[in-house]
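Protein sequences appear in the order of chains R and H. First residue of the first sequence? That's 1 in the UniProt record's numbering, and the numbers climb one at a time after it. First residue of the second sequence? That's 1 in the UniProt record's numbering, and the numbers climb one at a time after it. From the three backbone atoms N, C-alpha and C, an ideal C-beta is built for every residue, glycine too. Only a predicted model underlies this, so the values are computations on that prediction, with no experimental measurement involved. Each remark here refers to the structure printed beneath this line.
There are 2 protein chains.
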Amino acid sequence: MSKYAMFGKLTSHPGKREELAKMMLEADTLNDMEGCIYYILHEAEEDPDVLWITELWESQEVHAASLKNENVRELIGRCRHLIADVGGVKVRPIGGKGF
Amino acid sequence: MSKYAMFGKLTSHPGKREELAKMMLEADTLNDMEGCIYYILHEAEEDPDVLWITELWESQEVHAASLKNENVRELIGRCRHLIADVGGVKVRPIGGKGF
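In structure tokens form, the structure reads like this:
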């Protein structure tokens, strides 16, 4: 199976980025996601409301399954009121260190 | 020391993305970079000439040092004629799985 990657862009409501990041990082949910190689949050330096997330998964299937996980759904639901927009870049991971 | 991340965007000359990626991945250079936690190449799905690179380093200092490494400089020099543009997104990594 091919590995699966995403670059997600979360735009918080104005001034809410820190609260959103804290809520996402405090939960054990991110560390417990099965088949997830990494899921790392970054603050955009040039936009105070943007978080970029890089994700690498063992396959597209395990990523899709994660979205049905009860803890992941609960976390998404809890964060939703802080999020103004969801976007990203569609990518296919092809190799490198840590792949 | 704080970890250091980059999202790099390499645009190849038209039709040269595959050759560029192959050249970068074939060298052992990427795997040998000291202080590099990951350095992963991705093809943009929606632009046939774009590679996105996600990098995570132990610190900004080790990343800066890598650019002085002889093998890294040799690889950059060898790839340069295939690259039309270099860009990216400035980010600060803050946490998550694999951080």
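For residue 36(R), which residues in chain H fall below 7 Å Cβ to Cβ? Translated into positions along the first sequence, residue 36(R) becomes position 36. Residues of chain H whose Cβ lies closer than 7 Å to the Cβ of residue 36(R) are, in chain order, 97.
If you pair each beta-carbon of the segment 45-60 of chain H with each one of the segment 5-15 of chain H, do three or more pairs fall below 8 Å? With a cut-off of 8 Å, the segment 5-15 of chain H and the segment 45-60 of chain H count as touching, because enough Cβ pairs lie within range.
Out of 24(H), 4(H), 7(H), which has the shortest C-alpha to C-alpha gap to residue 79(H)? Position 79 of the second sequence, counted from the start, is the residue given in the question as residue 79(H). Cα-wise, what sits closest to residue 79(H) is 24(H).
Beta-carbon gap between residue 51(H) and residue 21(H) smaller than 9 Å: Along the second sequence, one-based indexing puts residue 51(H) at 51. Along the second sequence, one-based indexing puts residue 21(H) at 21. Against a cut-off of 9 Å, the Cβ pair of residue 21(H) and residue 51(H) comes out as a contact.
Taking CB distances under 9 Å as the criterion, tell me whether residue 48(H) reaches chain R. Position 48 of the second sequence, counted from the start, is the residue given in the question as residue 48(H). Cβ-Cβ to chain R under 9 Å: no for residue 48(H).
Please check if any C-beta of chain R sits within less than 9 Å of the C-beta of residue 80(H). Walking along the second sequence from the start, residue 80(H) turns up at place 80. False, the Cβ-Cβ gap to chain R never drops below 9 Å.
For residue 58(H), collect the residues of the same chain with a Cβ closer than 6 Å to its Cβ; drop the 5 residues on either side in sequence, then sort them by chain order. As a first step, residue 58(H) must be located in the second sequence, where it is residue number 58. The residues are 35.
C-beta neighbour in chain R for residue 42(H), strict 9 Å: Within the second sequence, the letter at position 42 stands for residue 42(H). With a threshold of 9 Å between beta carbons, residue 42(H) makes contact with chain R.
Does the beta carbon of residue 65(H) come closer than 9 Å to any beta carbon on chain R? Residue mapping note: residue 65(H) aligns to position 65 of the second sequence, counting from 1. It does not: the Cβ of residue 65(H) has no partner Cβ on chain R nearer than 9 Å.
So that I know if they touch, is there some Cβ in chain R lying closer than 9 Å to that of residue 89(H)? Residue numbering aside, residue 89(H) sits at position 89 when the second sequence is read from its first letter. Answer yes: the Cβ-Cβ gap between residue 89(H) and chain R drops below 9 Å somewhere.
Start and end of the beta strand (DSSP E) containing residue 59(H)? The count along the second sequence starts at 1 and reaches residue 59(H) at position 59. That residue, residue 59(H), is in no beta strand (DSSP E); it is neither H nor E in DSSP.
Look up residue 70(H) in the DSSP assignment and say whether it is helix, strand or coil. By 1-based counting over the second sequence, the position of residue 70(H) is 70. Residue state, collapsed to three classes: helix.
Which listed residue (96(H), 74(H), 99(H), 30(H)) has its alpha carbon closest to that of residue 53(H): Within the second sequence, numbered from 1, the residue matching residue 53(H) stands at position 53. The shortest Cα separation from residue 53(H) among 96(H), 74(H), 99(H), 30(H) belongs to 30(H).
Taking only the alpha-carbon atoms, compute the straight-line gap between residue 71(R) and residue 64(H) and give it to the nearest angstrom. As a position in the first sequence, residue 71(R) is number 71, starting the count at 1. As a position in the second sequence, residue 64(H) is number 64, starting the count at 1. Between the alpha carbons of residue 71(R) and residue 64(H) lies a distance of about 39 Å.
With H, G and I counted as helix, E and B as strand and the rest as coil, what does DSSP make of residue 28(R)? For the purposes of this step, residue 28(R) is taken as residue 28 along the first sequence, with counting starting at 1. In the three-state scheme derived from DSSP, where H, G and I count as helix and E and B as strand, residue 28(R) is classed as coil.
For residue 68(H), count neighbouring Cβ atoms within 10 angstroms of its own Cβ and tell me buried if that reaches 16, exposed if not. Indexing the second sequence from 1 puts residue 68(H) at position 68. Residue burial is scored here from C-beta neighbours: residue 68(H) has fewer than 16 other C-beta atoms within 10 angstroms and is therefore classed as exposed.
Residue 82(H) beta carbon less than 9 Å from that of residue 93(R): Indexing the first sequence from 1 puts residue 93(R) at position 93. Indexing the second sequence from 1 puts residue 82(H) at position 82. No. Outside cutoff.
Quickly, what does DSSP pair residue 93(H) with across the bridge? List them, please. For the purposes of this step, residue 93(H) is taken as the residue at position 93 of the second sequence. 42(R), per the DSSP bridge assignment.
Since residue 7(R) and residue 88(R) are thought to touch, with beta carbons under 8 Å apart, how far apart are those beta carbons, to the nearest angstrom? Stepping through the first sequence from its first residue, residue 7(R) is reached at position 7. Stepping through the first sequence from its first residue, residue 88(R) is reached at position 88. About 5 Å; that satisfies the 8 Å criterion.
Closest Cβ-Cβ distance between residue 25(R) and chain H: below 9 Å? Translated into positions along the first sequence, residue 25(R) becomes position 25. It does; some Cβ of chain H falls within 9 Å.
Using the DSSP secondary-structure output, state which residues sit across from residue 5(H) in a beta bridge. On the second sequence, position 5 is the one that residue 5(H) refers to. For residue 5(H), which the question treats as bridged, DSSP gives the partners 56(H).
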